[in-house]
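S.K.: The listed protein sequences derive, respectively, from chains B and W. Throughout the first sequence, residue numbering follows full-length UniProt numbering, covering 1 to 186 in sequence. Throughout the second sequence, residue numbering follows full-length UniProt numbering, covering 1 to 186 in sequence. Even glycine gets a Cβ: it sits at the ideal position worked out from N, Cα and C.
There are 2 protein chains.
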Amino acid sequence: MTDARRTDTRAQIREVALELFAERGYDGTSLREIAERLGISKAAVYYHYKTKEEIVGALFDDFLAGVDEIVEWAHEKGPGPETRAEVLRRYQDLLTGPSAAQVARLMQEGQSSLRDVAAAKDMKTRFFAMGRAVTAPDASAAEQLRMRLAVIALHLGAFMDQESLPVSDEERRTAALEVALELART
Amino acid sequence: MTDARRTDTRAQIREVALELFAERGYDGTSLREIAERLGISKAAVYYHYKTKEEIVGALFDDFLAGVDEIVEWAHEKGPGPETRAEVLRRYQDLLTGPSAAQVARLMQEGQSSLRDVAAAKDMKTRFFAMGRAVTAPDASAAEQLRMRLAVIALHLGAFMDQESLPVSDEERRTAALEVALELART
DNA sequence: GTCTATAGCTTGATAGAC
DNA sequence: GTCTATCAAGCTATAGAC
Numbered sequence: 001m002t003d004a005r006r007t008d009t010r011a012q013i014r015e016v017a018l019e020l021f022a023e024r025g026y027d028g029t030s031l032r033e034i035a036e037r038l039g040i041s042k043a044a045v046y047y048h049y050k051t052k053e054e055i056v057g058a059l060f061d062d063f064l065a066g067v068d069e070i071v072e073w074a075h076e077k078g079p080g081p082e083t084r085a086e087v088l089r090r091y092q093d094l095l096t097g098p099s100a101a102q103v104a105r106l107m108q109e110g111q112s113s114l115r116d117v118a119a120a121k122d123m124k125t126r127f128f129a130m131g132r133a134v135t136a137p138d139a140s141a142a143e144q145l146r147m148r149l150a151v152i153a154l155h156l157g158a159f160m161d162q163e164s165l166p167v168s169d170e171e172r173r174t175a176a177l178e179v180a181l182e183l184a185r186t
Numbered sequence: 001m002t003d004a005r006r007t008d009t010r011a012q013i014r015e016v017a018l019e020l021f022a023e024r025g026y027d028g029t030s031l032r033e034i035a036e037r038l039g040i041s042k043a044a045v046y047y048h049y050k051t052k053e054e055i056v057g058a059l060f061d062d063f064l065a066g067v068d069e070i071v072e073w074a075h076e077k078g079p080g081p082e083t084r085a086e087v088l089r090r091y092q093d094l095l096t097g098p099s100a101a102q103v104a105r106l107m108q109e110g111q112s113s114l115r116d117v118a119a120a121k122d123m124k125t126r127f128f129a130m131g132r133a134v135t136a137p138d139a140s141a142a143e144q145l146r147m148r149l150a151v152i153a154l155h156l157g158a159f160m161d162q163e164s165l166p167v168s169d170e171e172r173r174t175a176a177l178e179v180a181l182e183l184a185r186t
């Protein structure tokens with residue numbers, strides 16, 4: 001196959017953009033930086049994506065579809081502790097995907113800089129839906145908060161850095177799931 | 001007292017800046033917006049604060065001092081579940097201060113946009129210190145993660161919006177402390 | 001202490017050649 | 001598909017009048 005080296009620019013743009021967005025934030029990353037790191041010009045980037053927002057939108061899309069699957073499953077199963085536990089396990093699987101951890105990082109700390117990015121609003125909606133699907137309609141504030149924290153626990157397990165929690169990636173993920181499941185028990 | 005209306009510009013700048021930073025992020029807020037909302041010029045803002053970073057630094061200072069007090073107390077007491085619980089109670093008290101919740105919001109989602117703001121690094125250091133002070137040196141990853149999540153729980157209790165958790169402010173704070181203390185128990 | 005004016009730079013995005 | 005050149009708009013920050 002002559003196209004072993006076939007990594008088209010479009011994909012490379014997404015790759016580099018995600019890396020920079022996760023690291024320096026959406027606002028903190030310019031198209032110039034993305035282009036520079038790829039050794040192409042800004043205009044070349046604009047050939048592949050009409051706007052900066054379209055890039056981040058593309059980044060969210062796969063992840064969004066994954067969350068949707070989980071929410072759908074949860075809806076069929078109905079609320080309860082077992083549903084919560086299984087949702088969290090599946091969500092951690094989703095986070096284990098190649099670039100999902102970086103997407104999670106971008107989401108987690110980007111509520112302000114992504115405030116007028118349409119895809120980010122969609123994401124927020126999905127997480128609401130996930131919360132509602134796994135807790136009873138009359139759930140207490142503490143119950144709802146626990147589920148939300150469980151999700152954050154998994155996020156931290158996925159992207160927290162060595163400095164903040166000096167253990168192996170594997171160990172960190174395991175601990176995150178453990179704590180998340182504790183939170184989902186009640 | 002003729003100076004009942006004495007709220008000097010410097011303080012007003014801090015007030016408005018915090019409001020906007022918390023709402024739209026640090027990068028997402030320009031000095032023009034701050035000046036405009038105060039009915040003064042950008043140059044007037046620069047008279048009071050040399051740089052934008054100095055403003056956010058001033059915002060962090062009071063809060064930082066509050067955290068320092070807590071860390072110092074925790075250090076004297078030594079690690080353990082009771083220390084963790086009391087630290088969290090004191091931290092929530094700190095968060096109940098007039099503008100502390102907004103500072104917390106700014107910190108929470110600003111790791112990327114504040115990446116080269118010196119005061120933010122100081123803050124991160126303090127939170128590390130707090131974690132180390134309340135958990136044993138050989139604490140498991142899960143234990144460390146629980147303490148970190150407990151702090152986040154209090155943050156969410158302080159600034160989460162009505163839409164995300166539709167209960168009263170009082171109820172939300174109470175629930176947050178409840179969950180935080182659960183996390184600190186083990 | 002606040003203003004106007006402006007320097008100097010970066011940004012997101014476009015036009016048009018190759 | 002990528003380039004150079006350019007745009008208008010926005011930014012932080014400064015100079016100097018009042």
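1. By Cβ distance below 6 Å, which residues in the same chain neighbour E54/B in space, the five residues on each side in sequence not counted?
2. Identify whether E171/B lies in helix, strand or coil by the three-state DSSP scheme.
3. Give me the chain B residues within the contact set of V179/W, using Cβ-Cβ distance strictly less than 7 Å, ordered along the chain.
4. Where does the unbroken alpha helix (DSSP H) through E122/B begin, and where does it stop?
5. So, for Q102/W: in the same chain, excluding its five sequence neighbours on each side, which residues have a beta-carbon less than 6 Å away from its beta-carbon?
6. With distances taken between CB atoms, is the gap from G157/B to L181/B smaller than 8 Å?
7. Is A136/B near P81/B, with beta carbons less than 8 Å apart?
8. Note down, in chain order, all residues in the region 108 to 121 of chain B with a beta-carbon under 8 Å from any beta-carbon belonging to chain W.
9. Excluding sequence positions up to five away, which residues of its chain have a Cβ less than 8 Å from the Cβ of D122/W?
10. Rounded to whole angstroms, what is the Cα-Cα separation between K77/W and T83/W?
11. Please classify S112/W as buried or exposed, where buried requires at least 16 neighbouring CB atoms within 10 angstroms.
12. Just the C-alpha distance for I152/B and D62/W, rounded to the nearest angstrom, thanks.
13. Return the chain-ordered list of same chain residues with a C-beta closer than 7 Å to the C-beta of R185/B, the five sequence neighbours on each side being excluded.
14. Please list, in chain order, the chain W residues whose beta carbon lies closer than 8 Å to that of I152/B.
15. Do Y26/W and L95/W have their C-beta atoms closer together than 8 Å?
16. I want to check one thing, is the minimum distance from the CB of D68/W to the heavy atoms of the ligand HEM below 7 Å?
17. Which residue comes first and which comes last in the alpha helix (DSSP H) that contains E36/W?
M.R.: On the basis of the data shown:
1. Indexing the first sequence from 1 puts residue 54/B at position 54. Answer for E54/B: no residue qualifies.
2. Start at 1 with the first residue of the first sequence, and residue 171/B comes out as number 171. Reduced to three states, the DSSP call for E171/B is helix.
3. Taking the first residue of the second sequence as position 1, residue 179/W is located at position 179. Neighbours of V179/W on chain B, chain order: A142, L145, R146, L149.
4. Taking the first residue of the first sequence as position 1, residue 122/B is located at position 122. Per the sequence shown, the amino acid found at residue 122/B is Asp instead of Glu. Note, D122/B: alpha helix (DSSP H), 118 to 134.
5. Here residue 102/W refers to the residue found at position 102 of the second sequence. Closer than 6 Å at the Cβ level, and outside the excluded window around Q102/W, lie L18, A22.
6. Reading the first sequence from its first residue, position 157 is the one you call residue 157/B. Reading the first sequence from its first residue, position 181 is the one you call residue 181/B. Not closer than 8 Å, so no.
7. Residue mapping note: residue 136/B aligns to position 136 of the first sequence, counting from 1. Residue mapping note: residue 81/B aligns to position 81 of the first sequence, counting from 1. Not closer than 8 Å, so no.
8. Q108, E109, G110, Q111, S112, S113, R115
9. Counting from 1 along the second sequence, the entry for residue 122/W is found at position 122. Contacts found: F60, L64.
10. Taking the second sequence and counting its residues from 1, one reaches residue 77/W at position 77. Taking the second sequence and counting its residues from 1, one reaches residue 83/W at position 83. C-alpha separation (whole angstroms): 7 Å.
11. Reading the second sequence from its first residue, position 112 is the one you call residue 112/W. Result: buried.
12. Looking up residue 152/B in the first sequence gives position 152. Looking up residue 62/W in the second sequence gives position 62. Looking at the backbone, the Cα of I152/B and that of D62/W are separated by about 28 Å.
13. Taking the first sequence and counting its residues from 1, the one referred to as residue 185/B is at position 185. Result list for R185/B: P81, in chain order.
14. Taking the first sequence and counting its residues from 1, one reaches residue 152/B at position 152. Listed by position along chain W, the residues whose Cβ is nearer than 8 Å to that of I152/B are L149, I152.
15. To locate residue 26/W, count along the second sequence from 1; it is residue 26. To locate residue 95/W, count along the second sequence from 1; it is residue 95. Against a cut-off of 8 Å, the Cβ pair of L95/W and Y26/W comes out as no contact.
16. With respect to the ligand HEM, the structure shown offers nothing to examine, as it has no ligands at all.
17. As a working mapping, residue 36/W is identified with position 36 in the second sequence. Where E36/W is concerned, the enclosing alpha helix (DSSP H) stretches over 31 to 38.
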